[in-house]
Amino acid sequence: MELPYTIFALGDAHLHRIQTSEGKVRRRSRVALVLRSPLARRARFGRSVRPERILTRAVRPLPLAPRRAQMFIMSELASQLFDEGPIKFAADLRAGRYVRTHTVDPDVLHTCAVLGAPDEHHGGGKDGVTLLPAASVEEILVDRRRRDLVQPFKLMMLKIASQEATKLLASGDELDLEAALPVALDAVERAQEIFKPSPAIERFPHYLLAARANLALRRARECEDFLSLASWLVLKRPDDATHEMRGDLARMFGQLRSAQGEGEEALRRFAEDVYWRAEAHGPEDPRTTSGYYALSRQFAKNGDDARALSCTTPIVDAWYDACVSGAFFFALVPIRARRRGERRSLRTFAGVSLRPGSLAFNPDTPRRLSTPLLTPFNSTPTFARMERTSAVLGAKLSEALRVVRTPPAKTLPFHRAGLLEMIDMLEDVLETRRAALGDRDPSLGDCRVAAGLALVKAGGAEATARARLHFEEARVEYDEGERERLGILRRAVELVGEYRSPTK
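Final position of the sequence shown in full-length UniProt numbering is 504; the numbers increase by one with none missing.
What follows is the structure, given as structure tokens:
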């Protein structure tokens, strides 16, 4: 059986890393957190301590799932990086006492043969393949004075560790969540080694990743430690900390406080997340809607269903506009400029056209909303009026929501995995609004059209099938008077092929 592998580009060489049960996977049982700033020390200890203090705390034992080792093929390393024969190179490895694994596993041998790895023994009658862990490869590069490859190798290993931890966390499986923690800690250690001197803002995403891994295992104290380190970096390097980074930090604090049962503090943090994302992209950009979604879920958790529902309105509007106005759909219907405070929507009274050349077009005609808008963009949103939240933060959030509106994005600014995650968010918002507003509310049609067009953008047979179902349901949820919306829906259906009209 051929084992999974990845191609590892290093200089002009293209090495293969095989996933195998052969070899040992190092497991860290301790992690050192350097808390040098007053902010981080107060967050951790509640008082000031010496700046040189290093907190070294044993990580509680975890029932970690066995991980498959990621091993390099020694013969590839010898021939591609050092232009040597495998036999001579193997002798040098033995003399240097590098950690290595010699295996005769049939799957490993078969995989090496398929990949075209050079034969280690040249028909000498011996079987087996020598595998090297990443630590040994790094030591060999240093000892053989290939310093031009040491830093790229370290950066690539850091990137791989971060990607692996992120993938494990995204799966949601309990065993994967347990396996993600040591990988995330490995990424933190590599980042601390590579990015010097401290404070280095490049460590920020790796601290957040470790915080996520700890929070996924309900390790709140350890999660807060890493968030304190990330906060310290933002405090020390404010010019290098982007709005997105500040938003990510606020959201992680919100998730932590929510897990700890501190609902009001969680709301404050999620509102701060919305503020920073609105600063970065605009309040009506799809990238900001994940902040509204976090607020909605927290309001629902706190028992405030009205505010939870109101937070879903900008989500539907932003995604509908972004999808309908996207590069793959932007020429469908011209959208007139809105006055401040109007809903970002094409829905009007029956028979009224929004085309500027239409005789029925009247810019002074009030717009009909499918549901009462509890958080109009031209007033302080309800989620910014919380008695125990910061007045300054509420003012900043209101200011961000009143900024001049930016035109809709020409493309959806997500990679496929992120786009599918946002589609899941839209479908959850759809069910929330259905439960509160009933099955025939027109805003459900907007949500379905947005989700369907996003699925078309994502591509794939399964996504296209889901998009077709959304379009069929949207036809039922729109009234006959929604002519503009129905026209958009008919055009959307053309993107997924022949449309079979459902029975109303």
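Using N, Cα and C, we set each Cβ at its ideal position, and we do this for glycine too.
Does the CB of residue i have a neighbour CB from chain D at under 9 Å?
i	result
D428	Annotation note: the requested chain D is absent from the structure, which comprises a single protein chain.
State buried or exposed for residue i, treating a residue as buried only when at least 16 other CB atoms are found within 10 Å of its CB.
i	result
G394	Because G394 sits at a pLDDT of 49, beneath the cut-off of 50, its placement in the model cannot be relied upon, and the following sentence gives the value as read from the coordinates. Label assigned to G394: buried.
E462	exposed
S443	buried
M1	exposed
T313	buried
P286	buried
R485	buried
Q255	buried
G172	exposed
T6	exposed
E76	buried
A465	exposed
V429	buried
Look up residue i in the DSSP assignment and say whether it is helix, strand or coil.
i	result
F82	coil
M1	coil
H102	strand
H16	strand
F195	coil
L412	coil
T464	helix
T312	coil
L10	strand
Q255	helix
P363	Reliability fails at P363, whose pLDDT of 42 lies under 50, so the model's placement of it is uncertain and the value that follows must be treated cautiously. DSSP places P363 in coil when its eight states are reduced to three.
Q70	strand
E482	coil
L64	Annotation note: pLDDT 43 at L64 (below 50); position unreliable, coordinate value reported separately. L64 falls in the coil class under three-state DSSP.
A496	In the sequence as displayed, the identity of residue 496 is Val instead of Ala. DSSP places V496 in coil when its eight states are reduced to three.
G438	coil
P152	helix
Take residue i and list the residues in its own chain whose beta-carbon comes closer than 6 Å to its own, dropping the five residues that flank it on each side.
i	result
A280	H243, E244
A134	M157
F299	R307, A308
N302	G263
A474	G445, R448, V449, L489
G11	L149
Look at the Cβ atom of residue i, then the Cβ atom of residue j, and state whether they are nearer than 9 Å.
i	j	result
V183	A165	yes
V274	F226	no
H14	A117	no
A259	L215	yes
I201	K154	no
R147	F82	no
For residue i, which residues from the same chain have a beta carbon less than 7 Å from its beta carbon, with the 5 sequence-adjacent residues on both sides left out?
i	result
V129	I73, T103, V108, L109, C112, E120
residue 506	No statement about residue 506 is possible, as the shown extent of the chain runs from 1 to 504 and does not include it.
P4	Q19
L141	L149, V150, F153
Within the same chain, show all residues whose beta-carbon is closer than 8 Å to that of residue i, passing over the 5 residues directly before and after it, in chain order.
i	result
A458	R416, L419, L420, I423
V114	E2
**Length-filtered (3 minimum) beta strand (DSSP E) runs lying within the stretch 109–139** = Entirely contained in the stretch 109–139, the beta strand (DSSP E) runs reaching 3 residues are, in chain order, 129–132.
* To do: Starting from the N-terminal side, write out each stretch of the alpha helix (DSSP H) that is 4 residues or longer and does not extend beyond the stretch 193–249.
  => As far as the stretch 193–249 is concerned, its whole alpha helix (DSSP H) runs of at least 4 residues are 204–216, 220–236.
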